[in-house]
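A.B. asks: Below is one structure. I have some questions about it.
Residue numbers (our numbering): 37 to 238.
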């Protein structure tokens, strides 16, 4: 059956959950995130688009005490407590050799050949699209009732050495804690610009 196109808008409650009322949390309630929820987040985010379905993001879900200790050693002082207290913190990495997977990820064309011999182009594409996938991850987490706290305050070389030493083509992009946010840990909402401030329609 052909899908009928129509004006479909999420309800106000869903838009609040995903965007308008969603916040960046700095502290967490003592409630665990299950492996089932982790799989649920991934099963949603993987459906969102990337260039030529390259899917360059590589996710490390830091949950065990041992892994947390390694990550805490890599983050800025102000982020250590956030990572330690979070039920799970995801390292969103990107694989600059993503093109090796394209024969099965994008079987419609010889997409692997588009990227062979162009390391800098692959780095750019992998970084951009993994950042997109990290944003999809945050929306997916919010969609299943969890909260997020994205961070870039960490030592990239240290994270790469601690978590990607066995896969040197994979590099960290950013990290994001996920769990049930403590309302006491958020700041007042910072200003958001009106449309005319940073937009033009030409």
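Built from N, CA and C at the ideal position, the CB exists for glycine as well.
For residue 155 and residue 209, what's the separation of their Cα atoms in angstroms?
C.D. replies: Within the chain shown, residue 155 is the residue found at index 119, counting from 1. Within the chain shown, residue 209 is the residue found at index 173, counting from 1. Their Cα atoms are separated by approximately 17 Å.
A.B. asks: Secondary structure at residue 89, three-state DSSP: helix, strand or coil?
C.D. replies: The residue labelled residue 89 in the question sits at position 53 within the chain shown. Looking at residue 89 - three-state DSSP - the assignment turns out to be helix.
A.B. asks: Taking its Cβ as the centre, do 16 or more other Cβ atoms sit within 10 Å of residue 199, making it buried, or is it exposed?
C.D. replies: The residue you call residue 199 lines up with position 163 of the chain shown. Buried, since its Cβ has 16 or more Cβ neighbours within 10 Å.
A.B. asks: In the region 107 to 188, which residue ranges form an unbroken alpha helix (DSSP H) of at least 4 residues, counting only runs that do not cross its ends?
C.D. replies: 113 to 121, 138 to 141, 148 to 151, 155 to 179, all fully within the region 107 to 188.
A.B. asks: Under 8 Å, do residue 211 and residue 184 count as touching if we go by C-beta distance?
C.D. replies: In the chain shown, the residue the question calls residue 211 occupies position 175. In the chain shown, the residue the question calls residue 184 occupies position 148. Cβ atoms of residue 211 and residue 184: not closer than 8 Å.
A.B. asks: State buried or exposed for residue 140, treating a residue as buried only when at least 16 other CB atoms are found within 10 Å of its CB.
C.D. replies: Here residue 140 refers to the residue found at position 104 of the chain shown. Classification for residue 140: exposed.
A.B. asks: Among residues of its own chain, excluding the 5 on either side of residue 76, which ones have a beta-carbon nearer than 6 Å to its beta-carbon?
C.D. replies: Locating residue 76 in the chain shown gives position 40, counting from the first residue. Only 180 meet the Cβ criterion.
A.B. asks: Quick one: is residue 125 buried, meaning 16 or more other Cβ sit within 10 Å of its Cβ, or exposed?
C.D. replies: Here the question's residue 125 lines up with position 89 in the chain shown. Buried, because 16 or more other Cβ atoms sit within 10 Å of the Cβ of residue 125.
A.B. asks: CB-CB under 7 Å to residue 178, same chain, minus the five flanking residues each way: which ones, in chain order?
C.D. replies: Here residue 178 refers to the residue found at position 142 of the chain shown. Closer than 7 Å at Cβ, skipping near neighbours: 53, 54, 58, 184.
A.B. asks: Which residues in the same chain as residue 68 place their Cβ atom closer than 6 Å to its Cβ, once the five residues preceding and following it in sequence are excluded?
C.D. replies: For the purposes of this step, residue 68 is taken as residue 32 along the chain shown, with counting starting at 1. Cβ within range, chain order: 123.
A.B. asks: Let me confirm a value: residue 92 is counted as buried when at least 16 other C-beta atoms fall within 10 Å, else exposed. Which label applies?
C.D. replies: Position 56 of the chain shown, counted from the first residue, corresponds to residue 92. It counts as buried.
A.B. asks: State yes or no: is the C-beta of residue 115 within less than 8 Å of the C-beta of residue 170?
C.D. replies: Working through the chain shown from its first residue, we reach residue 115 at position 79. Working through the chain shown from its first residue, we reach residue 170 at position 134. Not a contact, by the Cβ cut-off of 8 Å.
A.B. asks: As a quick exercise: from 201, 90, 102, 182, pick the residue whose alpha carbon is nearest that of residue 151.
C.D. replies: By 1-based counting over the chain shown, the position of residue 151 is 115. Cα-wise, what sits closest to residue 151 is 90.
A.B. asks: What is the DSSP secondary structure of residue 45, reduced to helix, strand or coil?
C.D. replies: Taking the first residue of the chain shown as position 1, residue 45 is located at position 9. Note: residue 45 maps to coil in three-state DSSP.
A.B. asks: Grab me the residues of residue 60's own chain with a C-beta within less than 6 Å of its C-beta, minus the 5 sequence neighbours each way, in chain order.
C.D. replies: As a working mapping, residue 60 is identified with position 24 in the chain shown. Correct list, in chain order: 185.
A.B. asks: Residue 247: buried (16+ other C-beta within 10 angstroms of its C-beta) or exposed?
C.D. replies: Absent from the model: residue 247. The displayed extent of the chain is 37 to 238, so no value can be given.
A.B. asks: Given this structure, state the Cα-to-Cα distance separating residue 129 from residue 231, to the nearest angstrom.
C.D. replies: Within the chain shown, the letter at position 93 stands for residue 129. Within the chain shown, the letter at position 195 stands for residue 231. Computed Cα separation, rounded: 32 Å.
A.B. asks: Relative to the C-alpha of residue 292, which residue among 237, 88, 43 is closest?
C.D. replies: A question about residue 292 goes unanswered here, because the residues of the chain that appear run from 37 up to 238.
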